[in-house]
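Counting from 1 along the sequence shown, just add 1486 to a position and that's the residue number in this note's numbering. I have placed the structure first, in the form of structure tokens, so that the comments after it can refer back to it.
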Amino acid sequence: MGDEVSGTATTPEGRRRYRERLRSQLEVLQRLLDADAFRTDGTLTGMEVELALVGADARPSRANRDVLRTLSDPLVTTELGSHTIELNVPPARMHAGGAQALEEDLRARLEAADVAARAHGARVVMVGIVPTLLPDDQTEGWMTRSPRYRALDEAVRAQRGEDLLLDIRGDEERLLAHSASIAPEAACTSVQLHLQTTPEDFPAVHNAAQLLAGAQVALAANSPFYGGRRLWDESRLPVFAQSTDSRAPELAAQGVRERVLLGREWTTSAHALFADAVRHYPPLLPELGEEDSLRVLSRGGVPRLPELRMQNGTVWRWNRPVYDVVDGAPNLRVENRVLPSGPTVVDMVANAAFWFGAVRALAAREHRPWEGPDAVPFAVAQAGLDAGARRGMRSRLPWPDERTGEVVERDADDLVLRTLLPLVHEGLRDWGIEAAVCDRYLGVLEERARTRRTGAQWQHDSVAAAERGGTDRREALHTMLVRYAELMRAGEPVATWAVPA
């Protein structure tokens, strides 16, 4: 969730100065982009994995501070919810053995985190939303003690002026609830992927990620339950969006922009996205830092643009632009936020391979679907994300026909198997990934698409089987999560998991 805050710009004068800093830093960013100052010596990738802590009763365990003290690893940090932590994988360059190295590194770090959790009566679970989490778990003590998290909660509630509304309709069940805080956001645990790019290539990389989002979430869905109800295959998306909606209903009706979004149009530049965050979103965490970015730049230094980065960090795009300073040089990347955590390490690495490979191949196309007089409307990307999140591999997804360019709806499994996995293979090959490694992760994805067995589908089928046998919903969720955690630790891909009879 970023740096802590101290409330230095909460007065009218402080907020005015904060806005001036934002405008100034937008100018500095444009100068950096125009000067070709960004590092291009190889492509860095990164990964963040959010993890849930679950106690012996298969309920969320609010032990994150204790676990982190025991673990003592600077790459593992707190998250918003007191039952969650975040594991940060060190940035690495794409190379032949990169995927296998990532898998091995993740296994080692997750095992270390689990050992630390066991010392406090908990275990680590990789899942988009802990299925046994109930409203009572998000009352007193739900939030990690942190000035930043408290300020974020207060700011969202103050801008909205009333309780947050969650209204999520699944195929058969509906959640309708009010929340006096952003606690529901803390239920969501995700995987974020980072891909470094140049300013010139940024629009193509970002637009490729936008178009792929629907298929990406359909293939990886792992959050079917929230508050005891069966909602979307990836319920994390609407839960996150609605629990951080700082707009009063009247403002939403007037078209005021939501803070959680895929986008509104195809991207033309990285600067345009940062400028959008400044122009259209009232500051949530207006923090004034010490840096004079214009002065740093004029003296030949590399500015960190702290206020602009803070502002950008409170607009939660599913594919977000990121400006950073790495090894003393400006760094521009796309942060992909679509994926849920889990179910297993190999599934998560396969999901990462899908995104890195497909984005590479699609962005490199000579005729890109989002360009030219016959460009695919951006609404196609949004419709794909909505459909994939709602029904996972049972969805029908819009996709441009390769020959005619016409948008057609296709079954998700057909789109993945016949069109996207060959695209992934092409992209991974272009990254220099060895054929045997490609085959390993493509095999995981192919089996998942062929069987339509995602983490979400396995959870749904397991609970449905228990309920057919007379078990009530709460006990069925408990039993399912216990078995889920066992299979997660065994490490075989979710497509191979048997559903209990």
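By construction, the Cβ of each residue, glycine as well, lies at the ideal position given by its N, Cα and C atoms.
With fewer than three CB-CB distances shorter than 8 Å, the stretch 1654-1672 does not count as touching the stretch 1819-1830. By the C-beta criterion, the stretch 1511-1521 is judged to be in contact with the stretch 1788-1798, since at least 3 inter-stretch pairs fall below 8 Å. Residues Phe1864 of the same chain have their beta carbon placed closer than 7 Å to that of Glu1751, with the five preceding and five following residues left out of the count. Short of 6 Å from the beta carbon of Trp1983, and not among the five residues preceding or following it, lie these beta carbons of its own chain, in chain order: Trp1944, Leu1973.
Residue pairing of Ile1615 in beta bridges, as defined by DSSP: Cys1674. Around the Cβ of Pro1633, a 10 Å sphere holds fewer than 16 other Cβ atoms; the residue is exposed.
8 Å or more divides the Cβ of Val1742 from the Cβ of Ala1727.
Just so you know, the alpha carbons of Pro1735 and Trp1917 end up roughly 46 Å apart. For Asp1623, the CB contacts under 8 Å within the same chain, skipping 5 residues up- and downstream, are Arg1545, Pro1546, His1569 in chain order. The secondary-structure analysis by DSSP pairs Arg1660 across a beta bridge with Arg1655. Following the DSSP letters along the chain, one finds Trp1885 inside the beta strand (DSSP E) bounded by residues 1882-1886.
In the DSSP assignment, Pro1826 falls within the unbroken beta strand (DSSP E) covering 1815-1826.
Using a C-beta cut-off of 8 Å, the stretch 1879-1892 makes contact with the stretch 1688-1708, since at least three inter-stretch Cβ pairs fall below that distance.
In this structure, Val1535 keeps its C-beta atom at 8 Å or more from the C-beta atom of His1680.
Every beta strand (DSSP E) stretch that sits fully inside the stretch 1575-1645 and reaches 3 residues is listed by chain position as 1608-1611.
Per DSSP, reduced to three states, the secondary structure at Ala1538 is strand. Annotation: Ala1594 to Arg1502 spans about 47 Å, alpha carbon to alpha carbon. Assignment of beta strand (DSSP E) within the stretch 1732-1816, counting only whole runs of 3 or more residues, yields 1805-1812 in chain order.
Counting only the Cα atoms, Arg1643 lies some 32 Å from His1964. Between Ala1861 and Val1801 a beta carbon distance of about 24 Å is seen, past the 8 Å cut, so the two are scored as non-contacting. Excluding its 5 nearest sequence neighbours in each direction, Ala1602 has C-beta neighbours in its own chain below 7 Å: Val1553, Thr1556, Leu1557, listed in chain order. If you draw a straight line from the Cα of Ile1919 to the Cα of Glu1597, it is about 26 Å long. Annotated three-state conformation of Asp1719 is coil, per DSSP.
The shortest CA-to-CA distance from Ser1665 to any of Leu1931, Glu1658, Glu1640 is the one to Glu1640.
In this structure, Asn1817 is the residue among Gly1541, Leu1737, Glu1777, Asn1817 with its C-alpha nearest to the C-alpha of Thr1531. The shortest C-alpha to C-alpha distance from Leu1620 to any of Ala1582, Asp1591, Ala1663 is the one to Ala1663. For the options Ala1952, Ser1779, Ala1922, the alpha carbon positioned closest to that of Leu1508 is the one of Ser1779.
DSSP places Phe1524 in the coil class of the three-state scheme, outside both helix and strand. Around the Cβ of Asp1653, a 10 Å sphere holds fewer than 16 other Cβ atoms; the residue is exposed.
Counting along the chain, the unbroken alpha helix (DSSP H) around Arg1975 starts and ends at 1959-1976. Shown here for Gln1868: same chain residues with a beta carbon closer than 6 Å to its own, the five before and five after excluded, namely Leu1748 in chain order.
The Cβ neighbour count for Val1894, taken over all protein chains shown within 10 Å, is under 16; the residue is labelled exposed. With three or more CB-CB distances shorter than 8 Å, the stretch 1908-1916 counts as touching the stretch 1835-1850. CA-to-CA, the gap between Ala1578 and Gly1584 works out to about 8 Å. The alpha-carbon separation between Glu1961 and Arg1877 amounts to approximately 24 Å. Residue burial annotation: Pro1986 is exposed, with fewer than 16 other C-beta atoms found within 10 angstroms of its C-beta.
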